[in-house]
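Enquirer:
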Amino acid sequence: MMLPTRFYPVVPDAGWVRRVARAGARFVQLRLKDAAEDEIRRQAAAADAACRATGAVLVLNDHWRVAIELGLPWLHLGQEDLLEADLAAIRAAGLRFGVSTHSEAELELALAAGPDYVALGPVYPTTLKKMPWAPQGLARLGTWKRRIGALPLVAIGGISLERAAGCLAAGADAVAVVSDVVGHPAPEQRVAEWTALDG
Numbered sequence: 001m002m003l004p005t006r007f008y009p010v011v012p013d014a015g016w017v018r019r020v021a022r023a024g025a026r027f028v029q030l031r032l033k034d035a036a037e038d039e040i041r042r043q044a045a046a047a048d049a050a051c052r053a054t055g056a057v058l059v060l061n062d063h064w065r066v067a068i069e070l071g072l073p074w075l076h077l078g079q080e081d082l083l084e085a086d087l088a089a090i091r092a093a094g095l096r097f098g099v100s101t102h103s104e105a106e107l108e109l110a111l112a113a114g115p116d117y118v119a120l121g122p123v124y125p126t127t128l129k130k131m132p133w134a135p136q137g138l139a140r141l142g143t144w145k146r147r148i149g150a151l152p153l154v155a156i157g158g159i160s161l162e163r164a165a166g167c168l169a170a171g172a173d174a175v176a177v178v179s180d181v182v183g184h185p186a187p188e189q190r191v192a193e194w195t196a197l198d199g
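Under full-length UniProt numbering, the sequence shown has 151 at position 151, and the numbering climbs by one with no breaks.
1. The beta strand (DSSP E) spanning Trp74 covers which residue range?
2. Glu104 to Pro152, Cα distance in whole Å?
3. Less than 8 Å between C-beta atoms, sequence neighbours within five positions excluded: which residues of the same chain meet that for Glu39?
4. Threshold first: 4 residues or longer. Then list the alpha helix (DSSP H) segments lying entirely within the stretch 114 to 185, N to C.
5. For the alpha helix (DSSP H) that contains Gly98, what are its first and last residues?
6. Opposite Val10 in the DSSP bridges: which residues?
7. Less than 8 Å between the beta carbons of Ala35 and Pro9, yes or no?
8. Taking all protein chains shown into account, decide if Arg91 is buried (16 or more other Cβ within 10 angstroms of its Cβ) or exposed.
9. Taking Ala191 as the reference, which of Ala165, Leu161, Ala169 and Asp173 has the closest Cα?
10. Helix, strand or coil, according to DSSP, for Leu60 in the structure here?
11. What residue range does the alpha helix (DSSP H) around Phe87 cover?
12. When the Cα atoms are used, what is the spatial distance from Asp62 to Ile68?
13. Quick check on DSSP: helix, strand or coil for Gly55?
14. Can you round the beta-carbon distance between Thr195 and Gly157 to whole angstroms, since I take them to be within the 8 Å contact cut?
15. Do the CB positions of Gly159 and Val123 come within less than 8 Å of each other?
16. Could you tell me whether the Cβ atoms of Val57 and Phe27 are closer together than 8 Å?
17. Assuming Thr5 is part of the alpha helix (DSSP H), what are its boundary residues?
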């Protein structure tokens, strides 16, 4: 199974989901941090509506109970969330999901869960959050891709449009992007440039 697109923006709220979806993004992750459950539910519902209106697909980060409740199509789990999530309930709800990995041990745990994609990061140094892992580099993308075969591989961490081609050539099937969109002075224009990756 392939992902809907090679460009995978990760954004902080429903307003950003709406912006990037309207600008042409087709696979968008909503990553809400430190929000109350009611706010998570409200933002996720608004983001899902924005995606459906434009033909985009929403991925909700971490909050698997809300994803099930709202009937969302996709979920992304970090390693801690993976350990706590009810995978049987997630599968029963028809949710597809991806898992973050940063080491061989985490990759083994991710693959045991039967995800629909695996993410590897940080590929490059990132200022988004403090990372206990050194940058993985392009060679590690190739190693991961050989390990997981046909399962889609998502590169994340410090990736700009200028670095995307190298990630794809190294083995990534898609590139998750945060700062190069939400930190860009012209985000909608940047999204249009990113979507050109898919031809």
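Heads up, the beta-carbon is just placed ideally off N, CA and C, and yes, glycines get one too.
Since the model is a prediction, treat every value here as computed from it, not as a measurement.
Expert: Checking against the coordinates, here is how it stands:
1. Taking the sequence shown and counting its residues from 1, one reaches residue 74 at position 74. Residues Trp74 to Leu77.
2. As a working note, residue 104 is residue 104 in the sequence shown. As a working note, residue 152 is residue 152 in the sequence shown. Computed Cα separation, rounded: 17 Å.
3. Counting from one through the sequence shown, the residue named residue 39 turns up at place 39. Excluding sequence neighbours, Glu39 sits near Leu32.
4. 137 to 148, 161 to 170 and 179 to 182
5. Residue numbering aside, residue 98 sits at position 98 when the sequence shown is read from its first letter. Unbroken run through Gly98 is the beta strand (DSSP E), Arg96 to Thr101; no alpha helix (DSSP H).
6. As a first step, residue 10 must be located in the sequence shown, where it is residue number 10. In the DSSP output, where bridge partners are listed per residue, Val10 has Gln29.
7. The count along the sequence shown starts at 1 and reaches residue 35 at position 35. The count along the sequence shown starts at 1 and reaches residue 9 at position 9. Taking the C-beta atoms as reference points, Pro9 is found no nearer than 8 Å to Ala35.
8. The residue you call residue 91 lines up with position 91 of the sequence shown. Flag for Arg91 reads exposed.
9. Numbered from its first residue, the sequence shown carries residue 191 at position 191. The amino acid at residue 191 is misidentified as Ala; the sequence shows Val. Of the candidates Ala165, Leu161, Ala169 and Asp173, the one whose C-alpha sits nearest the C-alpha of Val191 is Leu161.
10. Residue numbering aside, residue 60 sits at position 60 when the sequence shown is read from its first letter. Leu60 falls in the strand class under three-state DSSP.
11. The count along the sequence shown starts at 1 and reaches residue 87 at position 87. The identity of residue 87 in the sequence shown is Leu, whereas the question assumes Phe. Leu87 -> alpha helix (DSSP H) spans Leu87 to Ala92.
12. The residue given as residue 62 occupies position 62 in the sequence shown. The residue given as residue 68 occupies position 68 in the sequence shown. Distance between the alpha carbons of Asp62 and Ile68 is about 12 Å.
13. Translated into the one-based positions of the sequence shown, residue 55 becomes position 55. Residue state, collapsed to three classes: coil.
14. To locate residue 195, count along the sequence shown from 1; it is residue 195. To locate residue 157, count along the sequence shown from 1; it is residue 157. Incorrect: roughly 21 Å between the Cβ atoms, too far for contact.
15. By one-based count along the sequence shown, residue 159 stands at place 159. By one-based count along the sequence shown, residue 123 stands at place 123. Note on identity: in this sequence residue 159 is Ile, with Gly being the wrong assignment. Their beta carbons are under 8 Å apart, which means Ile159 touches Val123 by this criterion.
16. As a position in the sequence shown, residue 57 is number 57, starting the count at 1. As a position in the sequence shown, residue 27 is number 27, starting the count at 1. Yes, Cβ-Cβ distance for Val57 and Phe27 is below 8 Å.
17. As a working mapping, residue 5 is identified with position 5 in the sequence shown. Segment: none, Thr5 is in no alpha helix (DSSP H) and carries neither H nor E.
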